[in-house]
Amino acid sequence: MTSQVRGVQLARLLGQWHALPGRRRSPDYAALAAAVRGLLADGRLPLGVRLPAERDLAEALRISRTTVTAAYRELRETGHLASRRGAGSWTMLPGTHRVASTGLWTPLDDRDMIDLGVAALSAPAQLVPAARAAAEDLPRYLGGAGYHPTGIIELREAVARAYTERGLPTSPEQIMVTSGTQHALDLVLRLALSPGGGVLVESPTYPNALAALSARRARITTHGLAADGDGWDADLLLGSIRQTRPKLAYVIPEFHNPTGHLMAADLRERLVGAAHAAGTDLIVDESFVDLPLDGTPLPPPVATFDRHSRVISIGGMSKPYWGGLRIGWVRASAPQVQRLAAARVGVDMASPVLDQLVAVHLLAQGPGIVADRRIQLAAQRDALVAAMADRLPDWRVTVPRGGVTLWVELDGPISSALARAAEEVGVRLAPGPRFGLDGTLERFLRLPFTLPAADLVEAVGRLAAVRYDLDRTGRPQWREPSVIA
Ligand SMILES: Cc1ncc(COP(=O)(O)O)c(C=O)c1O
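According to the numbering used here, the sequence shown holds residues 1 to 485 in order.
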C-alpha cells in the first residue's frame, strides 16, 4: 500500500521553506518545489509516498492553491512527481537518477553538476589493458564451474603478498575476496554480530558502514574524533571499549573517512590490547591504506599487534584503483575465512571471475598506478585547500596526510542548508550529519579531492557564492516597530 503524507505533516517537514537560502529572488512556487526536492534529496521525504492534495497542502502552508498547483507542476516537469488524475501525486526521482554511495541522489545526465558527494577517483588508464589481459586469461577458468567462494587463488595470493610486504605475514588461506569492501563489512557483520549486539564506531564515520550496522540491528555507540590534532583520544577510546565491552568495534585507522586522520602506532597496539581484554573483535577498514600523500610513512597494520585473532581487516580496490571493479577482501584467520565463505554462499556464492582477473592484472602494476594516484591526489588536495583559503577563509581545514577527503569545519552549523543551496548552483555535497548518527555534525562538511583541480576550484567558487547568500537570507529582518495607539 502506498503511504501518504498529509498536508500538516509535509508542512512540518518543509519548515521555513519560504526562507531557504538563495530563494529570495525566486517565486513562491519555485521555492516550494525546491524545498520538496531538498527533502527528497536528503531522504527525509521517502520516494513513492503520496503527497497531500493541493488544497490540503495550501491550507496547511497558508498559501494559495495556485502556488501549490504551480509547485506540483514544476515537480512533475523535473521528474520528482508522478500524478494520475483522480488518484494523486507520488514522489519519485527523475529516471536517470541513482543512489550514490553517500545516499545522495546523483543525476547521471547533469553534466554541469560537480559531484562532491562521492569520494572516489575515476578509473586509471591501465584499466582497459588490464581488462583485455584478464579476458585472455579467462579460458583457464572456463573448464570449471566458476564458483570460488573465497576468491580465485591468483587474487588471494596477490592480496596476501601485499599484506606480507606491509610487514604482516599473510597466507592466501587468510584472504577471502569479496565484491567490494562494503560487502566484506556486511559479511563480517553477518558472521560476528547478532541483532542488538553492541558496536563501537568512530564519529564521524563512513555512512555506509552505519547503514550496514543498522541493517544488522546493531546497538551503536560512538567515539568522537577531533577534527584537528590526532583525531582519536586514546584514553576515551580505550575507556569506552573497557566500559561498554562492545561485541565489535569498527575503525578506519588509515586516512579515516571523512576526517583523513592516521592512527599512530602506539594507539594501534593499545587498541588491540584493550579489545582483547574486553572480548571485542576489531573490524579494521583499510580502504585508504594505499594512499598516503607527501611520502607520509605508514604505521604497522593494526593486525600486526593481534595475537588472538581479534582483528579482521577489510580492504579493496575502490579507492586506489576503481570503484566500478567491485573487488574487496577480508583478511582474517584461516578458520574465520572458511566460516565467512560458508556464510557467503547464502548471499552471493562468489565474486565474478573476470573482475578478479582484472584485479590481478592491476595489482601486478600496483606500485606504478598507485604512485600516479598519489601525485594526482596531492595536487588536487592542494588546489582545493588553496581555493578554500582564497574564497572561504573562515572555514578551517586540517590538511590530511593521505586519503581522499578534507573534513572542513564550517563557520556555523550550516552544513545541510549549504548542501541544499549548493545543489541549486550545481554542486552536490555530503553534509556533515551524513557521517554521524543523530543529526549532529552540522558544523562540518566533507569535501573529497577526487575530481580534477579545475572542477574543485569551480566548486569552491560556487560554494563561496551560496555561502554569502545563506548569510543574507539567514539574517533576522528588522522591522519598523509598530505603533500602538
Ligand atoms: C571507509 C570506507 N569503507 C568502505 C567503502 C566502500 O568501498 P567499496 O567500494 O570497496 O565497497 C568506502 C567507500 O567510500 C569507504 O570510504
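In this text, a Cβ means the ideal position worked out from N, Cα and C, and glycines have one as well.
Smallest Cα separation from residue i: which of the options?
{"i": "Leu248", "options": "Glu458, Val272 and Ile414", "result": "Val272"}
{"i": "Ala303", "options": "Ala265, Trp322 and Ala133", "result": "Ala265"}
{"i": "Leu354", "options": "Val159, Pro258, Tyr321 and Ala134", "result": "Ala134"}
{"i": "His261", "options": "His80, Leu406, Asp42 and Ala60", "result": "Leu406"}
{"i": "Leu185", "options": "Leu75, Gly316, Val345 and Pro139", "result": "Gly316"}
{"i": "Tyr487", "options": "His148, Asp230, Asn257 and Pro431", "result": "The displayed coordinates of the chain run from 1 to 485. Any statement about residue 487 would go beyond what the structure contains."}
{"i": "Leu445", "options": "Arg84, Met388 and Ser171", "result": "Met388"}
{"i": "Leu116", "options": "Leu451, Ala383 and Asp471", "result": "Leu451"}
{"i": "Leu429", "options": "Ser416, Leu437, Thr440 and Asp438", "result": "Ser416"}
{"i": "Gln356", "options": "Arg37, Arg85, Ile63 and Glu154", "result": "Glu154"}
{"i": "Glu285", "options": "Arg132, Gly403, Leu363 and Gln376", "result": "Residue identity differs from the one stated: residue 285 is Asp in this sequence, not Glu. Checked all of Arg132, Gly403, Leu363 and Gln376; the closest Cα to Asp285 is Gly403."}
{"i": "Ala160", "options": "Tyr147, Val177, Arg374 and Val188", "result": "Val177"}
{"i": "Leu267", "options": "Thr259, Gly279 and Ile252", "result": "Ile252"}
{"i": "Leu93", "options": "Val128, Val36 and Arg62", "result": "Val36"}
{"i": "Phe288", "options": "Arg62, Thr222, Leu213 and Arg401", "result": "Arg401"}
{"i": "Pro393", "options": "Arg219, Val460 and Leu75", "result": "Val460"}
{"i": "Gln486", "options": "Asp281, Leu418 and Arg73", "result": "Residue 486 falls outside the range modelled here, since the chain spans only 1 to 485, and no answer is possible."}
{"i": "Ala277", "options": "Ser214, Arg310 and Ala120", "result": "Arg310"}
{"i": "Leu291", "options": "Ser313, Gly279 and Pro320", "result": "Pro320"}
{"i": "Arg245", "options": "Arg217, Gly151, Ala274 and Ala227", "result": "Ala274"}
{"i": "Ala131", "options": "Pro352, Ala421, Glu254 and Arg76", "result": "Pro352"}
{"i": "Ala515", "options": "Gly328, Thr91, Ala19 and Glu173", "result": "Nothing in the structure corresponds to residue 515, since the chain is present only between 1 and 485."}
{"i": "Arg391", "options": "Gly412, Ala342, Arg467 and Val370", "result": "Arg467"}
In three-state DSSP terms, what is residue i?
{"i": "Ala508", "result": "In the structure as shown, the chain starts at 1 and stops at 485, and residue 508 therefore has no counterpart that could be examined."}
{"i": "Ile63", "result": "coil"}
{"i": "Leu10", "result": "helix"}
{"i": "Ala487", "result": "This structure does not reach residue 487, given that the chain is present from 1 up to 485, and the question cannot be answered."}
{"i": "Thr164", "result": "helix"}
{"i": "Arg462", "result": "helix"}
{"i": "Ile152", "result": "coil"}
{"i": "Val128", "result": "helix"}
{"i": "Thr78", "result": "coil"}
{"i": "Val397", "result": "strand"}
{"i": "Thr440", "result": "coil"}
{"i": "Leu73", "result": "With the sequence shown as reference, residue 73 is identified as Arg, and Leu is not the correct amino acid for it. Looking at Arg73 - three-state DSSP - the assignment turns out to be helix."}
{"i": "Thr304", "result": "helix"}
{"i": "Val272", "result": "helix"}
{"i": "Asp348", "result": "coil"}
{"i": "Gly323", "result": "helix"}
{"i": "Thr181", "result": "helix"}
{"i": "Trp17", "result": "helix"}
{"i": "Ala492", "result": "In the structure as shown, the chain starts at 1 and stops at 485, and residue 492 therefore has no counterpart that could be examined."}
{"i": "Tyr468", "result": "helix"}
{"i": "Leu191", "result": "helix"}
{"i": "His256", "result": "coil"}
{"i": "Leu298", "result": "coil"}
{"i": "Ala421", "result": "helix"}
{"i": "Leu354", "result": "helix"}
{"i": "Leu451", "result": "coil"}
Using the DSSP secondary-structure output, state which residues sit across from residue i in a beta bridge.
{"i": "Pro292", "result": "Gly402"}
{"i": "Asp115", "result": "Arg428"}
{"i": "Tyr250", "result": "Val201 and Ile283"}
{"i": "Met176", "result": "Val330"}
{"i": "Trp407", "result": "Arg446"}
{"i": "Gly316", "result": "Gly328"}
{"i": "Val49", "result": "According to DSSP, which records beta bridges pairwise, Val49 is partnered with nothing at all."}
{"i": "Ser415", "result": "None; Ser415 has no bridge partner."}
{"i": "Gln4", "result": "Arg50"}
{"i": "Thr222", "result": "Val201"}
{"i": "Arg84", "result": "Gly88"}
At which residues does the beta strand (DSSP E) containing residue i begin and terminate?
{"i": "Ile283", "result": "Asp281 to Asp285"}
{"i": "Arg446", "result": "Phe444 to Pro448"}
{"i": "Ser89", "result": "Gly88 to Thr91"}
{"i": "Ser240", "result": "Looking at the DSSP string, Ser240 is not in any beta strand (DSSP E); the run it does join, the alpha helix (DSSP H), is Ala234 to Thr244."}
Just reading off the alpha helix (DSSP H) that residue i is part of, what are its end residues?
{"i": "Ala212", "result": "Pro207 to Ala215"}
{"i": "Arg488", "result": "Within the shown structure, residues of the chain are numbered from 1 to 485, placing residue 488 beyond reach of any answer."}
{"i": "Arg310", "result": "Where Arg310 is concerned, there is no enclosing alpha helix (DSSP H), given that its DSSP letter is neither H nor E."}
{"i": "Ala35", "result": "Asp28 to Ala41"}
{"i": "Pro139", "result": "Pro139 to Leu142"}
{"i": "Thr170", "result": "First-last for Thr170: undefined, no H or E at that position."}
{"i": "Arg434", "result": "Careful: Arg434 lies outside any alpha helix (DSSP H) and carries neither H nor E."}
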